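Here's the structure we're looking at; comments come further down.
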Amino acid sequence: MKEPKELLEKYKSGLCSPEELALLHRWIHHIHLNQPSSLSEEELNRAKVDFEKQFATQTTVVRSLVNWKTIAAAASVILLLGGGFYFISGPVAPDIESTALVSENDVLPGGDVAILTMEDGKKVNLDSISEGSVISQTGSKITKNEEGALVYTADPQSALSIAYHTVETPSKGQYRIVLPDGTKVWVNSESSLKFPTRFAGAAREVELDGEAYFEVAKDSSRPFFVQSKSQKVEVLGTHFNIKSYRDEPYEKTTLLEGAVKVSYANLSISRILKPGDQATVSDDRCAVRAVDVEQAIDWKNGDFIFREESLVHIMKRVSRWYGVDVAYERGVDLSQTFSGQVSRSKNLSEVIACLESTGDLKFVTKNNKIWITKTNPKTNEI
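Read left to right, the sequence shown gives residues 1 to 382 (UniProt numbering).
Here it is, written out as structure tokens:
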């Protein structure tokens with residue numbers, strides 16, 4: 001059986017297997033449950049700083065979603081010696097049955113999966129097409145390039161009428177598209193983008209349902225419009241993200257570069273965004289504020305980044321990417337928040353291990369469903 005010190009060294013090097021990561025979290029959780037904390041506020045803050053120094057800068061490591069009360073409880077029986085963590089209390093025997101269950105019911109992350117629907121209703125499963133293939137040459141040339149993106153090259157001399165295509169991603173899916181004008185679009189899971197096979201006239205217009213990140217090709221003579229469920233975004237050439245899922249009450253538009261105008265027909269208002277701004281709109285109000293843009297486009301860069309994000313919002317994102325259902329035991333606080341970062345390339349078990357390491361919740365995964373319960377309140381006191 002590996003000692004805690006050995007596992008912590010592997011953790012810092014990014015070499016822990018999912019089973020070892022789960023074991024490490026159980027050890028920390030055990031300390032939290034059996035060694036009540038007597039730390040002052042100053043000691044708690046020092047433990048947080050020490051923990052960040054040890055782990056937060058490790059880019060190859062799954063970063064735990066940190067509940068600092070739990071870290072403080074564990075820190076009451078941990079010595080920070082020689083730059084490493086050493087446990088005073090003895091290790092807990094691993095739950096072999098639980099570890100086996102996690103492995104058996106683990107879920108792989110999503111990937112580049114999408115369906116292309118053409119004007120005539122023909123559907124193409126894009127993940128089954130090999131890179132470099134030509135999908136169509138009628139009106140516009142459609143290819144899947146060497147990087148796996150769907151690329152449209154318009155023929156300006158074509159006499160054919162403009163056709164409209166739709167790319168849809170399921171849960172566990174995402175896809176990249178290069179539109180006929182050169183605009184690049186990253187489409188997140190459970191989303192769809194409708195667009196013409198070539199842009200004609202005085203404007204370029206697409207329709208989005210779900211979430212997508214846009215890098216719009218500059219064309220000062222033809223503005224680019226994105227229509228979603230209750231807003232219309234107008235740009236000339238810029239980088240921005242729109243999150244507009246039908247099962248969520250808010251639409252969010254985040255600007256990274258350039259400028260955009262967001263118009264809301266229901267409210268008869270519009271807003272001009274500057275880089276770093278995020279416009280959030282619901283049925284009856286609109287608000288603009290500065291945000292962490294890296295968090296807003298974490299999915300596009302292959303990560304989950306949480307900044308004081310509620311449990312229910314986190315699990316909605318996890319559900320879409322891993323294609324799982326989520327159920328909660330009555331009494332679980334859906335508004336409790338977490339902060340941290342984990343790669344979207346990790347298996348579900350590693351994300352769950354990070355969340356479960358807080359000691360406040362238990363996650364059981366089976367048959368593509370996550371059941372979230374409270375830990376026994378009698379053993380969860382700090």
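The C-beta atom is built at its ideal place from N, Cα and C for all residues, glycine as well.
In this text, all values refer to a predicted model and were calculated from it rather than measured experimentally.
Check, Outcome
"Which of helix, strand or coil DSSP assigns to Q295", "helix"
"Cβ pair count under 8 Å reaching 3, the region 105-124 against the region 154-173", "yes"
"Proximal residues to S335 (C-beta, below 8 Å), its chain only, five neighbours per side dropped", "S310, L311 and V312"
"Spatial distance of K184 from A114 (CA atoms)", "16 Å"
"Beta-carbon proximity of R198 to G276, cut-off 8 Å", "no"
"Same chain, Cβ closer than 8 Å to K369, neighbours up to 5 away in sequence not counted", "V324, D325, V326 and A327"
"Within the UniProt domain \"FecR protein\" (166-261), ranges of the beta strand (DSSP E) (whole runs, at least 3 residues)", "173-178, 184-187, 191-196, 204-215, 224-227, 232-235, 239-244 and 251-257"
"Buried versus exposed call for I272 [16 or more other C-beta atoms within 10 Å across all chains shown]", "exposed"
"Beta bridge counterpart(s) of K316 as assigned by DSSP", "Answer is none; K316 lacks a bridge partner."
"Through-space distance from R204 to P156, alpha-carbon basis", "15 Å"
"C-alpha gap between G111 and N188, whole angstroms", "10 Å"
"Through-space distance from K123 to S192, alpha-carbon basis", "14 Å"
"Sequence-distant residues of the same chain with beta carbon closer than 8 Å to S133, five excluded per side", "T143 and K144"
"CA nearest to the CA of K316, picked from S158, G210 and V178", "G210"
"Between the CA atoms of S357 and A74 - distance to the nearest angstrom", "For A74, the pLDDT reaches just 47, beneath the cut-off of 50, and the residue's location in the model is therefore unreliable, leaving the point undetermined."
"Inter-residue CB distance, V332 and K374 (contact presumed, cutoff 8 Å)", "6 Å"
"Local Cβ density within 10 Å of residue 406, reported as buried at 16 or more and exposed below that", "This structure does not reach residue 406, given that the chain is present from 1 up to 382, and the question cannot be answered."
"Exposure of K278, with buried meaning 16 or more beta-carbon neighbours within 10 Å", "Inspection of the sequence shows that residue 278 is occupied by Gln rather than by Lys. By the neighbour-count rule (16 or more Cβ atoms within 10 Å), Q278 is buried."
"Contacting residues, own chain, Cβ-Cβ under 6 Å from K366 (five flanking each side not counted)", "N105"
"Range of the contiguous beta strand (DSSP E) that encloses V134", "V134 to S136"
"T169 vs E190 beta-carbon contact at 8 Å", "yes"
"Per DSSP, cross-strand counterpart(s) of D277", "A290"
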